[in-house]
Amino acid sequence: MDLHLKIWFIVSLIPLVANLQHSVHATPEVPCLFIFGDSLADNGNNNYLATIAKANYQPYGIDFSDGPTGRFCNGRTMSDIIGQRLGFDHFIPPFATARGRDILMGVNYASGGGGIRDETGMQLVVFGHTYNQLFELHTHRVYHPLGARISMNQQLLHHQITISRIALLLGSRHAATNYLSKCIHLVGMGSNDYINNYLLPQYYPTSSLYTPDQYATILIRQYSQQLRTLHKVGGYKIVTMGLGLIGCTPAEIAIYGTNGSTCVDTINNDVQLFNVKLKSLVDDLNNDMTDAKFIYVNVTGITSGGTFTTGLTVTNVPCCIVSSSTGLCVPNGVPCSNRSTYAFYDAFHPTESVNEFVAARAYNAQTTFDAYPIDIHGLARL
Ligand SMILES: *[C@@H]1O[C@H](CO)[C@@H](O)[C@H](O)[C@H]1NC(C)=O
Ligand SMILES: *[C@@H]1O[C@H](CO)[C@@H](O)[C@H](O)[C@H]1NC(C)=O
Ligand SMILES: *[C@@H]1O[C@H](CO)[C@@H](O)[C@H](O)[C@H]1NC(C)=O
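One point on numbering: in the numbering used here, the residue at position 74 of the sequence shown is 93, and numbering is uninterrupted.
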């Protein structure tokens, strides 16, 4: 075979293989997945922001196919895994770089440091640069004018931009709304309203203004408005992720001490107030909007059971070498070798093993407590 023929053969084979792959892959259970959240779900949005909350360097992504991408994890995030369970063969693109028809599979708006409250995470800005200097450094990139982190309110504005783009792609606003009604909207917000707000009295006044119960109430009130907005713009299948055991993170243990317990119990108790109210908010929303379905994933419950720690032998120290000022992995530090035995990758974020465990039970509940009133698989089939 001469070279010319060989090249022709290869060129003509590629479209065939691509077609085959297309037909072999099962279609996902829902046409699209939209993700709202913080660093637990960020997959690259913060790469373009002026913030210290970034994870686009080694050793982040050491177990991820594309290496460091901005995911605050050694491997896949919980949302990545939920996407795979739903049958998506690509990861949902970050808003910062999603282009063209990619957005039809959904968009990930999550941003490390972001919260329900707009001011949450504001101490995470890169100091020593003025806004204009940073803007000049980033003018050829997507640069967020507020900088530092993208709050839930801002993520909802980004979603409106996506919806307009989908309307252009599908020909009308009506077609876009109809399309969105079949999609899953995964929302995980609130961790930073504790970690990067209420638990930092040196930067934020909230802990002197509100008791833990009052704070949980005002967070839920604002979250309720945000979830209603999401429904108003076409969200009918909405998953809310409860908060995890923030008092068990290596960072909070290092800051507060455990007083003989395994975790900082006061923090876990305060955060649980939010979870209990979130679960009843899901009831309220389902009663008010009967055309929609909201569900609650009991992350704390899933990570509290006896089977959770099976295989996890190190639960209170991070796998990577962390910076004492940020709790994030230091660049190029050598992480622990057996990541599947560690619960935390850095001082705040779970390892891929934990994400896999939680995602599996959020998708297919194993007890009646895992997901309420139905699991993600049930939601997809509605
Ligand atoms: C520490 O634990 C002891 C015994 O359980 C308890 O009496 C005390 O109030 C705790 N202190 C703090 C600061 O939580
Ligand atoms: C979560 O699950 C646990 C059991 O694992 C249960 O005790 C708790 O009531 C559940 N609900 C909420 C709101 O977290
Ligand atoms: C890593 O830990 C898991 C769980 O304990 C174990 O099954 C596995 O053999 C370990 N792998 C290595 C390479 O040590």
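All C-beta atoms, glycine included, are put in the ideal place defined by N, C-alpha and C. If you're wondering where the values come from, they're calculated on a predicted model, not measured in any experiment.
Residue burial annotation: residue 230 is exposed, with fewer than 16 other C-beta atoms found within 10 angstroms of its C-beta.
Here residue 109 is exposed: its Cβ has fewer than 16 other Cβ atoms, across all protein chains shown, within 10 Å. Judged by DSSP secondary structure, residue 360 falls outside any beta strand (DSSP E); it is assigned neither H nor E.
Between the region 207-214 and the region 231-243, the count of C-beta pairs closer than 8 Å reaches three or more; the two stretches touch. In this structure, residue 92 and residue 370 form a Cβ contact; the two beta carbons are roughly 7 Å apart against a cut-off of 8 Å. For residue 222 and residue 216, the gap between their C-alpha atoms comes out near 7 Å. The closest heavy atom of ligand 2 lies 7 Å or more from the beta carbon of residue 335. Within the DSSP bridge table, the entry for residue 348 names 341 as partners.
Residue 128 sits in coil when the DSSP states are folded into three classes, being neither helix nor strand. In its chain, beyond the 5 residues on either side, 97, 318, 321 and 322 have a beta carbon closer than 7 Å to the beta carbon of residue 377.
Residue pairing from DSSP places residue 205 in a beta bridge opposite 54 and 258.
Across the structure, residue 333 and residue 182 are spaced so that their CA atoms are roughly 43 Å apart.
Under the 8 Å Cβ criterion, the region 375-393 does not count as touching the region 79-93, having fewer than three qualifying pairs. Rounded to the nearest whole angstrom, the CA to CA distance from residue 203 to residue 106 is 12 Å. Of the residues assessed, residue 85 falls on the exposed side of the cut-off, its CB having fewer than 16 other CB atoms within 10 angstroms.
Rounded to whole angstroms, residue 289 and residue 232 show a C-alpha spacing of 7 Å. In terms of Cβ geometry, residue 169 and residue 122 do not form a close pair [threshold 8 Å]. Residue 313 and residue 174 do not touch by the CB rule: their CB atoms are close to 17 Å apart, not below 8 Å.
For residue 251, there is no enclosing beta strand (DSSP E); the enclosing alpha helix (DSSP H) has its first and last residue at 231-251. In the three-state scheme derived from DSSP, where H, G and I count as helix and E and B as strand, residue 321 is classed as helix.
A direct Cα-Cα distance of roughly 8 Å separates residue 74 from residue 63. In the DSSP annotation of this structure, the continuous segment of the alpha helix (DSSP H) that includes residue 382 starts and ends at 371-382. When secondary structure is reduced to three states using DSSP, residue 169 falls in the coil class, being assigned neither helix nor strand. Residue 362 and residue 346 do not touch by the CB rule: their CB atoms are close to 15 Å apart, not below 8 Å.
Note on geometry: alpha-carbon atoms of residue 45 and residue 251 lie some 31 Å from one another. For residue 295, the enclosing alpha helix (DSSP H) starts and ends at 284-307. Remark: the C-beta of residue 294 is in contact range of ligand 2, defined as less than 7 Å to any heavy atom.
The Cβ atoms of residue 297 and residue 261 lie closer than 8 Å to each other. Shortest Cα-Cα distance from residue 144 to any of 71, 198 and 180 involves 71.
For residue 315, the enclosing beta strand (DSSP E) covers residues 312-316. Shown here, residue 269 sits in a helix according to DSSP, grouped into three states. Counting only the Cα atoms, residue 357 lies some 41 Å from residue 255. Taking 8 Å as the cut-off, the Cβ atoms of residue 295 and residue 258 do not count as close.
For residue 103, the uninterrupted alpha helix (DSSP H) run begins and ends at 97-104, by DSSP. If you draw a straight line from the Cα of residue 87 to the Cα of residue 77, it comes to about 6 Å.
For residue 313, the shortest C-beta to heavy atom distance toward ligand 2 is 7 Å or greater.
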